[in-house]
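Asker: For the sequence shown, the positions run 1 to 322 when the numbering used here is used.
No residue lacks a Cβ here, since even glycine has one placed at the ideal position from N, Cα and C.
Since the structure is predicted, the reported quantities are computational estimates derived from the model, not experimental observations.
Attaching a single structure in structure tokens format; questions to follow.
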Amino acid sequence: AHARADEVIGGLRILTLVSGQPGFLARGIALGHGVSYEERGGTDTRDLWKQGVGEFSKYRYRGGPSHHNYDQVFRGLGIYYFIAADEEQKEKIKEIVTDMSNWAHLRKNMRVMHDDGERESTVLIGGWRAMAGTTEPSGGSLMATTGLKIAALITGNPEVAKLYEEWVDKLGYRDPERTKESIMGPSRGNYDDTDHLLPDLYLLNKIEDDPDLLTFYRKCMKDSWEVHKDEKQSWFNFLYASVLGEEYADLEGSLWHLRSFPTCRLFQPQMNSIREDIEFTADDRGKEALKPLPVHERRMDNEYHWKGSPFALDGWLSRIVS
């Protein structure tokens, strides 16, 4: 596990250096020179591909990082740093987090630039295009302030610590009146953000010492539990139990969930909508399964299972079917 962690840390370091702009987080890299398959296809993302710089010139990298990308890396490194890393690994993580925080937090006040340093790639406060606003609590803003808290503790940079305090005050995290509405999304939805927010809250519960902020973070965790508690999601149940207590974990449902994982992880066409052996429901999302589907029967959004709905029916249909 220690050796695998070294590989992950090393890979993330490449992603933050490949562009020649330390802290700019590339979405991914491919070994080779020249245009990628995505570029040749003429998609609207083709201008985000470039050749690596200096010692990383053997890689072709994809830019255009999102607020989700930064959240995932800050938190992933943070969990390992505070729970399992040795001193050498902590120094490597500190280098990555310092560069990322300088680029994403300090350079343009929570606005992430493209690798040219001028055009905006994403906004951290308020989430995607700041659609949730910058004055009240939101899921996107919670991801952003989680990154600030992690970076402040790992780097020891007082500017980052100050920015964290400024934003939690501005967003009203300590005010019960401003945080009474849930920011965790509706039932049977918001899975992509939920997968980011729950582990963020898990880590915040370990590293935050302000009792008023912990009250808000635990409220958010309970708000999520209220809408997802019957979905048998083992990862979610682990996080609920870790923060709220074992009585908030559906252990039987979690075992059912884990036992239904497929041994073959190749994408398979799924047409659950024509089945006669499952119950359906319908709302503004359209027709869905009434109860969570076993993992091996689900439509996967991509190889990352947790961002998808356990109720979604059809996907990866071949052209002759669709």
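Just mark His105 as buried or exposed, buried being the case when its beta carbon has 16 or more other beta carbons within 10 Å.
Answerer: Buried: at least 16 other Cβ atoms inside 10 Å.
Asker: Express the C-alpha separation of Gly127 and Thr145 in angstroms, rounding to a whole number.
Answerer: Whole-angstrom Cα-Cα distance: 11 angstroms.
Asker: Three-state secondary structure (DSSP) at Gly286?
Answerer: Gly286 falls in the strand class under three-state DSSP.
Asker: Tell me whether Thr122 sits in a helix, a strand or coil according to DSSP, three-state version.
Answerer: DSSP places Thr122 in strand when its eight states are reduced to three.
Asker: Starting from Trp49, trace the beta strand (DSSP E) both ways and give me its first and last residue.
Answerer: It spans 49 to 51 - the beta strand (DSSP E) in which Trp49 sits, taken as one unbroken run.
Asker: Taking the continuous beta strand (DSSP E) assigned at Tyr173, which residues delimit it?
Answerer: Segment: none, Tyr173 is in no beta strand (DSSP E) and carries neither H nor E.
Asker: Per DSSP, Gln270 forms a beta bridge with which residues?
Answerer: DSSP lists Gly315 as partners of Gln270.
Asker: Note down, in chain order, each residue of its chain lying with its Cβ closer than 6 angstroms to the Cβ of Leu124, except the 5 sequence neighbours on either side.
Answerer: Counting only Cβ-Cβ distances below 6 angstroms, and skipping sequence neighbours, we find His67, Met110, Ala144.
Asker: Would Asn102 pass as a contact of Gly156 if the rule is Cβ separation under 7 angstroms?
Answerer: Going by C-beta atoms, Asn102 is not nearer than 7 angstroms to Gly156.
Asker: Give me, in chain order, the residues of the same chain whose beta-carbon lies closer than 8 angstroms to that of Asp71; leave out the 5 immediate sequence neighbours on both sides.
Answerer: Closer than 8 angstroms at Cβ, skipping near neighbours: Met143, Ala144, Thr146, Gly147, His196, Asp200.
Asker: Inspect the beta-carbon positions of Ile9 and Val18 and report whether they are closer than 7 angstroms.
Answerer: It is not a contact, given that the beta carbons lie outside the stated cut-off.
Asker: Can you give me the C-alpha to C-alpha distance between Asp284 and Glu181, rounded to a whole angstrom?
Answerer: Spanning the two alpha carbons is a distance of roughly 22 angstroms.
Asker: What three-state label does DSSP hand Leu12 in the structure shown?
Answerer: It is helical.
Asker: Mind checking whether Ile96 and Leu203 have CB atoms under 7 angstroms apart?
Answerer: For Ile96 and Leu203, no; Cβs fall outside 7 angstroms.
Asker: With distances taken between CB atoms, is the gap from Ala312 to Arg299 smaller than 7 angstroms?
Answerer: Yes, the pair counts as a contact, with Cβ atoms nearer than the cut-off.
Asker: Would you kindly work out how many angstroms separate the C-alpha atoms of Thr263 and Leu31, rounded to a whole number?
Answerer: Cα to Cα, Thr263 sits roughly 29 angstroms from Leu31.
Asker: Which residues does DSSP list as the beta-bridge partners of Val112?
Answerer: For Val112, which the question treats as bridged, DSSP gives the partners Thr122.
Asker: According to the Cβ coordinates, are Ser36 and Arg60 closer than 7 angstroms?
Answerer: Contact: yes.
Asker: Got a sec? Which residues, its chain only, sit under 6 angstroms from Glu279 by beta carbon, not counting five neighbours each side?
Answerer: Taken in chain order, the residues that qualify are Leu290.
Asker: Taking all protein chains shown into account, decide if Ser138 is buried (16 or more other Cβ within 10 angstroms of its Cβ) or exposed.
Answerer: Ser138 comes out buried.
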